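Student: My questions all concern the structure below.
Numbering (this note's numbering), first residue to last: 48 to 463.
Here's what the structure looks like:
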């Protein structure tokens with residue numbers, strides 16, 4: 048059909064079949080995406096190139112945020128950040144990367160032969176994860192995303208966490224220590240003690256305030272089994288004399304005693320742990336507020352002094368970690384900086400390696416992993432079956448509930 052100007056007009060009539068097909072078409076759901084694309088989304092949301100330090104958090108009542116009937120934020124200094132509840136201005140500064148860096152700390156370290164390495168350390172305030180609401184979508188998304196979420200490196204800062212007396216009371220409650228009657232503990236005793244740390248019962252002092260156990264209690268045993276990499280820091284010695292140090296940093300539980308308990312916990316609750324990094328560093332940058340504190344210093348001593356050298360004692364601790372964690376693929380040496388040290392201790396021909404002969408146990412773990420991989424390849428070539436995974440997906444199950452009448456009928460059937 049054409050009009051007076053010569054243009055043709057076409058008429059079309061929609062069929063009922065086309066309308067029905069259009070009505071049946073549904074939007075593309077997230078789980079309809081290919082598995083590789085979903086993994087890319089999980090990787091973008093939950094695997095940033097940074098390490099996470101689990102922190103405790105506080106709930107503020109709504110009445111604490113309201114003074115004149117309108118919603119207001121908790122007061123905070125303009126030049127400081129609240130790690131637990133940052134205000135909008137702090138979040139915007141973090142996203143713009145403004146005012147989030149500390150001063151660069153320089154440390155000399157002689158580790159490889161006669162070469163002196165300069166370690167540069169800087170703290171940075173980072174924003175949190177994006178898309179964390181995906182974990183609460185459904186069971187399948189949770190299982191897929193949690194496996195990538197717990198591939199991040201979690202930093203456990205043990206410095207200034209415990210007093211020296213925290214382990215002097217009720218030693219029988221911790222793994223590796225003798226029972227209350229003095230007998231040696233078994234593997235079953237250690238397992239029972241570790242799992243009791245994750246319960247909601249009243250906890251002893253060490254378990255209640257320990258950063259690693261607080262983190263594991265929050266995420267649960269299943270998520271703990273998915274952790275792949277942990278960095279733990281602290282100082283093997285402790286400060287005993289007063290000096291010019293703040294009382295908060297005096298007479299703290301040394302890193303050596305904490306690692307003794309951590310070894311049992313990681314072996315039991317984190318079977319998929321592949322990388323463990325040890326840092327001899329304290330996260331207390333405010334110690335250097337005045338030059339007098341740095342010049343006076345404080346005396347660093349072991350909790351129990353003996354005739355052994357520092358390198359020998361640290362090597363024994365590294366040996367226990369390497370042998371007690373058989374699934375570990377990499378035991379690494381991290382940063383090393385002692386916050387307070389006397390100037391005379393740094394005098395001499397050069398800077399010694401603070402890890403000493405303990406470095407050989409890091410090579411021991413590496414060689415053990417190489418032998419395991421070669422043995423696994425040999426078994427695969429021979430056609431043998433090789434176990435691929437340690438843990439499975441998390442599955443929620445409802446427990447059946449019986450009524451009183453059903454329970455009585457079951458008892459009658461058993462008695463007859």
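We put the beta carbon where it would ideally sit given N, CA and C, even for glycine.
Computed from a predicted model, the values in this text were never measured in an experiment.
1. Does residue 277 come out as helix, strand or coil in the three-state DSSP assignment?
2. Tell me whether residue 279 is buried or exposed, calling it buried when 16 or more other Cβ atoms sit within 10 Å of its Cβ.
3. Could you compute how far the alpha carbon of residue 197 sits from the alpha carbon of residue 273?
4. Using the C-alpha atoms, what's the distance from residue 224 back to residue 231?
5. Can you tell me the Cβ-Cβ gap for residue 176 and residue 92, rounded? I've got them flagged as a contact below 8 Å.
6. Can you give the Cα-Cα distance for residue 239 and residue 370, rounded to whole angstroms?
7. Which complete beta strand (DSSP E) runs does the region 166–229 hold, if anything under 3 residues is left out?
8. Do you know how far the Cα of residue 183 is from the Cα of residue 220?
9. Who are residue 380's beta bridge partners in DSSP?
10. Using only the heavy atoms of the ligand SAH, determine whether one of them is closer than 6 Å to the beta carbon of residue 280.
11. With distances taken between CB atoms, is the gap from residue 216 to residue 310 smaller than 7 Å?
12. Look at residue 362 and residue 404 and say whether their C-beta atoms are less than 7 Å apart.
13. Which residues mark the beginning and the end of the alpha helix (DSSP H) in which residue 402 is found?
14. Would a C-beta distance cut-off of 7 Å place residue 277 and residue 201 closer than the cut-off?
15. What's the C-alpha gap between residue 117 and residue 179?
16. Can you tell me which of the three DSSP states residue 299 falls into?
17. Grab me the residues of residue 262's own chain with a C-beta within less than 8 Å of its C-beta, minus the 5 sequence neighbours each way, in chain order.
18. When the Cα of residue 210 is compared with those of 229, 326, 227 and 301, which residue comes out closest?
19. Measure the C-alpha to C-alpha separation of residue 237 and residue 226 and round it to an integer number of angstroms.
20. Report all residues from its chain with a CB closer than 7 Å to the CB of residue 191; omit the five preceding and five following residues, and keep chain order.
21. Does the distance from the CB of residue 375 to the CB of residue 323 come in under 7 Å?
22. Based on Cα-Cα distance, which residue from 275, 248 and 316 lies nearest to residue 268?
23. At the level of alpha carbons, what is the spacing between residue 150 and residue 167?
24. What separation, rounded to the nearest whole angstrom, lies between the Cα atoms of residue 416 and residue 359?
25. Looking only at C-alpha atoms, which of 193, 432, 303 and 409 sits nearest to residue 205?
26. Using a 10 Å radius around the Cβ and a threshold of 16 neighbouring Cβ atoms, would you call residue 257 buried or exposed?
27. Please name the residue in 259, 185 and 366 whose C-alpha comes closest to that of residue 409.
28. Sort out for me which residues DSSP pairs residue 82 with in a bridge.
29. Tell me the DSSP secondary structure of residue 99 in three-state form.
30. By the 10 Å Cβ neighbour count, where 16 or more other Cβ atoms means buried, how is residue 281 classified, buried or exposed?
31. Helix or strand or just coil, what does DSSP make of residue 285?
32. Rounded to whole angstroms, what is the Cα-Cα separation between residue 419 and residue 373?
33. In its own chain, which residues sit with a C-beta less than 7 Å from the C-beta of residue 208, not counting the 5 before and 5 after it?
34. Roughly how far, in whole angstroms, is the beta-carbon of residue 313 from the beta-carbon of residue 253, given that I think they are within contact range, below 8 Å?
35. Specify, as a first and last residue, the run of the alpha helix (DSSP H) that residue 252 falls within.
36. Using 7 Å as the threshold, is the C-beta distance between residue 188 and residue 195 below it?
Tutor: Based on what the coordinates show:
1. In the chain shown, residue 277 corresponds to position 230, counting from 1. Looking at residue 277 - three-state DSSP - the assignment turns out to be strand.
2. Taking the chain shown and counting its residues from 1, one reaches residue 279 at position 232. Residue 279 should be labelled buried.
3. As a first step, residue 197 is located in the chain shown; it is residue number 150 there, counting from the start. As a first step, residue 273 is located in the chain shown; it is residue number 226 there, counting from the start. Roughly 6 Å separates the two Cα atoms.
4. Here residue 231 refers to the residue found at position 184 of the chain shown. Here residue 224 refers to the residue found at position 177 of the chain shown. If you take the alpha carbons of residue 231 and residue 224, they lie about 8 Å apart.
5. As a working note, residue 176 is residue 129 in the chain shown. As a working note, residue 92 is residue 45 in the chain shown. Indeed, because the Cβ distance is near 6 Å, the residues count as touching under 8 Å.
6. For this step, residue 239 is matched to residue 192 along the chain shown. For this step, residue 370 is matched to residue 323 along the chain shown. Spanning the two alpha carbons is a distance of roughly 21 Å.
7. 200–204
8. Position 173 of the chain shown, counted from the start, is the residue given in the question as residue 220. Position 136 of the chain shown, counted from the start, is the residue given in the question as residue 183. Their Cα atoms are separated by approximately 35 Å.
9. The residue labelled residue 380 in the question sits at position 333 within the chain shown. For residue 380, which the question treats as bridged, DSSP gives the partners 325.
10. Judged by which ligands are present, the structure shown has none, so any question about the ligand SAH falls away.
11. As a first step, residue 216 must be located in the chain shown, where it is residue number 169. As a first step, residue 310 must be located in the chain shown, where it is residue number 263. No. Outside cutoff.
12. Taking the chain shown and counting its residues from 1, the one referred to as residue 362 is at position 315. Taking the chain shown and counting its residues from 1, the one referred to as residue 404 is at position 357. Yes.
13. One-based indexing of the chain shown puts residue 402 at position 355. Careful: residue 402 lies outside any alpha helix (DSSP H) and carries neither H nor E.
14. Along the chain shown, one-based indexing puts residue 277 at 230. Along the chain shown, one-based indexing puts residue 201 at 154. Yes, the pair counts as a contact, with Cβ atoms nearer than the cut-off.
15. Within the chain shown, numbered from 1, the residue matching residue 117 stands at position 70. Within the chain shown, numbered from 1, the residue matching residue 179 stands at position 132. With a pLDDT of 44 at residue 117, under the threshold of 50, the modelled position of this residue cannot be trusted; read the value that follows with caution. When rounded, the distance between both Cα atoms is 29 Å.
16. Position 252 of the chain shown, counted from the first residue, corresponds to residue 299. DSSP places residue 299 in strand when its eight states are reduced to three.
17. Here residue 262 refers to the residue found at position 215 of the chain shown. Excluding sequence neighbours, residue 262 sits near 101, 201 and 203.
18. Position 163 of the chain shown, counted from the start, is the residue given in the question as residue 210. Here the closest residue by C-alpha is 301.
19. Here residue 237 corresponds to residue number 190 of the chain shown, with the count starting at 1. Here residue 226 corresponds to residue number 179 of the chain shown, with the count starting at 1. Rounded to whole angstroms, residue 237 to residue 226 spans 10 Å at the Cα level.
20. Numbered from its first residue, the chain shown carries residue 191 at position 144. Excluding residues within five positions, the ones whose Cβ falls inside 7 Å are 85 and 89.
21. By 1-based counting over the chain shown, the position of residue 375 is 328. By 1-based counting over the chain shown, the position of residue 323 is 276. Their beta carbons are under 7 Å apart, which means residue 375 touches residue 323 by this criterion.
22. Taking the first residue of the chain shown as position 1, residue 268 is located at position 221. Closest option to residue 268, Cα to Cα, is 316.
23. Residue mapping note: residue 150 aligns to position 103 of the chain shown, counting from 1. Residue mapping note: residue 167 aligns to position 120 of the chain shown, counting from 1. Approximately 10 Å, taken between the alpha carbons.
24. Position 369 of the chain shown holds residue 416. Position 312 of the chain shown holds residue 359. For residue 416 and residue 359, the distance between alpha carbons rounds to 24 Å.
25. Here residue 205 corresponds to residue number 158 of the chain shown, with the count starting at 1. Checking every option, the nearest Cα to that of residue 205 belongs to 303.
26. Numbered from its first residue, the chain shown carries residue 257 at position 210. Burial call: buried.
27. Working through the chain shown from its first residue, we reach residue 409 at position 362. For the residues 259, 185 and 366, the minimum Cα distance to residue 409 belongs to 366.
28. Here residue 82 corresponds to residue number 35 of the chain shown, with the count starting at 1. According to DSSP, residue 82 bridges with nothing at all.
29. Looking up residue 99 in the chain shown gives position 52. Here residue 99 sits in strand by DSSP.
30. Residue 281 sits at position 234 when you count from the first residue of the chain shown. Burial call: buried.
31. Walking along the chain shown from the start, residue 285 turns up at place 238. Of the three classes helix, strand and coil, the one that applies to residue 285 here is strand, per DSSP.
32. Residue mapping note: residue 419 aligns to position 372 of the chain shown, counting from 1. Residue mapping note: residue 373 aligns to position 326 of the chain shown, counting from 1. Answer to the nearest angstrom: the Cα atoms are 11 Å apart.
33. Residue 208 sits at position 161 when you count from the first residue of the chain shown. Cβ within range, chain order: 256, 257 and 258.
34. Here residue 313 refers to the residue found at position 266 of the chain shown. Here residue 253 refers to the residue found at position 206 of the chain shown. Rounded, the Cβ-Cβ distance is 16 Å, inconsistent with contact.
35. In the chain shown, the residue the question calls residue 252 occupies position 205. 252–256 is the extent of the alpha helix (DSSP H) around residue 252.
36. Position 141 of the chain shown, counted from the first residue, corresponds to residue 188. Position 148 of the chain shown, counted from the first residue, corresponds to residue 195. No, the pair does not count as a contact, with Cβ atoms beyond the cut-off.
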